[in-house]
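Below: the structure, in structure tokens.
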Amino acid sequence: MSQAMYTAMSGINANQLHINVVADNIANLNTTAFKESQMTFKDVWYQTRTTGSAPTGNLGGTNPFQIGVGTTVAGISRNWAANNINTTGRGTDLALQGNGFFTVMDAEGSIFLTRDGSFDLDANGNLVTSMGYKVLGTNSDYSMSATEVPIYIPQTIRAGAYAQPQGILANKDVTQLNGTDGAITAGTFTITPTVGGVEQAPIEVSISGTGTVQNMINEINADLAGQNITCELVDGAITFKTAGNVEKIRFTSGSSNFVDQTDIALQADGTGVYTSKTIDYKVDINPGDGSKDAMIFKSMSVGSNGIITATYDNGDSITVWEDPDDGSRLFKYTTASGVEILGPNDVTAHPAVLVPENLQIQCATVRNYEGLVGQGNNLYSTGPDTGDVIFSCGNDNGIGAVVSGGLEASNVDLSRQFSNMIMAQRGIEANSRVFDTANSILQTLVYLGRG
Numbered sequence: 001m002s003q004a005m006y007t008a009m010s011g012i013n014a015n016q017l018h019i020n021v022v023a024d025n026i027a028n029l030n031t032t033a034f035k036e037s038q039m040t041f042k043d044v045w046y047q048t049r050t051t052g053s054a055p056t057g058n059l060g061g062t063n064p065f066q067i068g069v070g071t072t073v074a075g076i077s078r079n080w081a082a083n084n085i086n087t088t089g090r091g092t093d094l095a096l097q098g099n100g101f102f103t104v105m106d107a108e109g110s111i112f113l114t115r116d117g118s119f120d121l122d123a124n125g126n127l128v129t130s131m132g133y134k135v136l137g138t139n140s141d142y143s144m145s146a147t148e149v150p151i152y153i154p155q156t157i158r159a160g161a162y163a164q165p166q167g168i169l170a171n172k173d174v175t176q177l178n179g180t181d182g183a184i185t186a187g188t189f190t191i192t193p194t195v196g197g198v199e200q201a202p203i204e205v206s207i208s209g210t211g212t213v214q215n216m217i218n219e220i221n222a223d224l225a226g227q228n229i230t231c232e233l234v235d236g237a238i239t240f241k242t243a244g245n246v247e248k249i250r251f252t253s254g255s256s257n258f259v260d261q262t263d264i265a266l267q268a269d270g271t272g273v274y275t276s277k278t279i280d281y282k283v284d285i286n287p288g289d290g291s292k293d294a295m296i297f298k299s300m301s302v303g304s305n306g307i308i309t310a311t312y313d314n315g316d317s318i319t320v321w322e323d324p325d326d327g328s329r330l331f332k333y334t335t336a337s338g339v340e341i342l343g344p345n346d347v348t349a350h351p352a353v354l355v356p357e358n359l360q361i362q363c364a365t366v367r368n369y370e371g372l373v374g375q376g377n378n379l380y381s382t383g384p385d386t387g388d389v390i391f392s393c394g395n396d397n398g399i400g401a402v403v404s405g406g407l408e409a410s411n412v413d414l415s416r417q418f419s420n421m422i423m424a425q426r427g428i429e430a431n432s433r434v435f436d437t438a439n440s441i442l443q444t445l446v447y448l449g450r451g
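Using UniProt numbering, read the sequence shown as starting at 1 and increasing by one per residue.
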């Protein structure tokens, strides 16, 4: 009889643990990105009276004769299925539409994984969790080790004057032409026109190599006056055009490096238009110094791959762009008028202001989700059975897309939890009845002894 009591107690204890698991699930019904737990049971061991026997001759076989001695918890696992994303409208609220985790780092440098994307920007522009842990960024599609560079958005920046086409470019200094290897030097170069299929005498053009782009164009046109050749700014490029009986022109370097630096294209189709490919745009991003040209951070948006676009109060924005050839990250600066300026040479950020990792959220995935160890505060750390951790970005290497402006809901199924709770309650009641019955039998035996 005493064994029945111990067996019943094992059932009571196991079902009590089941009640605890159900209670935790229901308590976290509204916890962001919470993953419900589920408990399984297993039998313990058996008192074996006989293992049975095989048939022999005219005697049939017998089956094992065993009595179980109770139950215990087989394991508690999590349901890692992604749940619905609830819209919040906050640009810093993020969710993963599928597998994967965000990566965050505490003050001691320990890295944790989380599905909870309820982030905020602190006073310094760091993207942080509710505990102040910094969200980490990346500049790679695949890595076996995490970066320790946080997501950081400068709250004020100063963008150095960038070259723009036409009138704005015309007023920029010659040294701002960003396709060149260096400054355009003072000196001369020659233009040889062809008329009637015959090259004419070379025209020597002299430039000072200083002043604005428009001043340089004026110097060139002064030497080309009356030659049916003009120099203009067209769509952000230095363009030479021919007119009249001039069929084509040929450029020859001289004491000035203008021809080599601007790489004027020789047109073979006889269009008479020769365009420099070097006049483009460039911008230098420096720390905001409180001056009137400093720009103040206004808002941010996040793409499905975790790339952040930071927009400032003047309408300009900065983000990173992935080079499809080698996967490197380049800065991309977009002006309020829609002009896009791409690095690496055209957009230069002061290292104290930005590095590419600051503007792309690092995500991670693991071989065995069940091997993760819950740390509270919606954080997980790797355990001995987690396997390899792959660090990547959204929409890559099996990681879901990053969604901005929403948070993942808890995946607790309330109806299932109520069902489990009832089953656990009935399990406790039934095992209590067994315990009470065994106790009554023992009392009866005691009374028999008294008789």
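Using N, Cα and C, we set each Cβ at its ideal position, and we do this for glycine too.
Worksheet item: Based on the DSSP secondary-structure assignment, which residues constitute the bridge partners of residue 190?
Response: BP columns for residue 190 point to 204 and 252.
Worksheet item: Going by the CB atoms, is the gap between residue 66 and residue 87 shorter than 7 Å?
Response: No.
Worksheet item: When you compare each of 321, 185 and 145 to residue 340 by their alpha carbons, which one comes out closest?
Response: 321
Worksheet item: Roughly how many angstroms lie between the CA atoms of residue 364 and residue 143, to the nearest whole one?
Response: 9 Å
Practice prompt. Let me know if residue 343 comes out buried or exposed under the rule of 16 or more other beta-carbons within 10 Å of its beta-carbon.
Written response: It is buried - the Cβ of residue 343 has at least 16 other Cβ atoms within 10 Å.
Fill in: the stretch 194 to 208 touching the stretch 234 to 247, judged by at least three CB pairs closer than 8 Å
yes
Worksheet item: For residue 457, which option in 105, 2 and 98 has the closest C-alpha, if you only look at C-alpha atoms?
Response: Only positions 1 to 451 of the chain appear in this structure, which leaves residue 457 out of reach.
Discussion item. What would DSSP say about residue 382, mapped onto helix, strand or coil?
Written reply: Three-state result, residue 382: coil.
Worksheet item: Can you tell me the Cα-Cα spacing of residue 328 and residue 349, whole angstroms?
Response: 16 Å
Fill in: Length of the line joining the Cα atoms of residue 15 and residue 113
31 Å
Fill in: For residue 105, the residue or residues it bridges with in DSSP
111 and 134
Discussion item. If you follow the beta strand (DSSP E) that residue 376 is in, where does it begin and where does it stop?
Written reply: 373 to 376
Discussion item. Here's the rule: buried if 16 or more other CB atoms are within 10 angstroms of the residue's CB, otherwise exposed. What is residue 42?
Written reply: exposed
Worksheet entry | Check whether residue 300 and residue 314 have beta carbons under 7 Å apart | Going by C-beta atoms, residue 300 is not nearer than 7 Å to residue 314.
Discussion item. Run through the DSSP bridge pairs and tell me what residue 241 is partnered with.
Written reply: 230 and 273
Worksheet item: Going by Cα to Cα distance, which pick from 375, 308 and 413 is closest to residue 154?
Response: For residue 154, the nearest C-alpha among the options comes from 308.
Practice prompt. Could you tell me whether the stretch 19 to 31 touches the stretch 355 to 373, where touching means 3 or more Cβ pairs closer than 8 Å?
Written response: no
Fill in: Assigned exposure category for residue 164 - 16 Cβ within 10 Å defines buried
Residue confidence for residue 164 is low, a pLDDT of 48 falling below 50, so the modelled location carries little weight; the figure read from the coordinates is stated next. So residue 164 ends up on the buried side.
Worksheet item: Relative to the C-alpha of residue 18, which residue among 39, 139 and 104 is closest?
Response: 39
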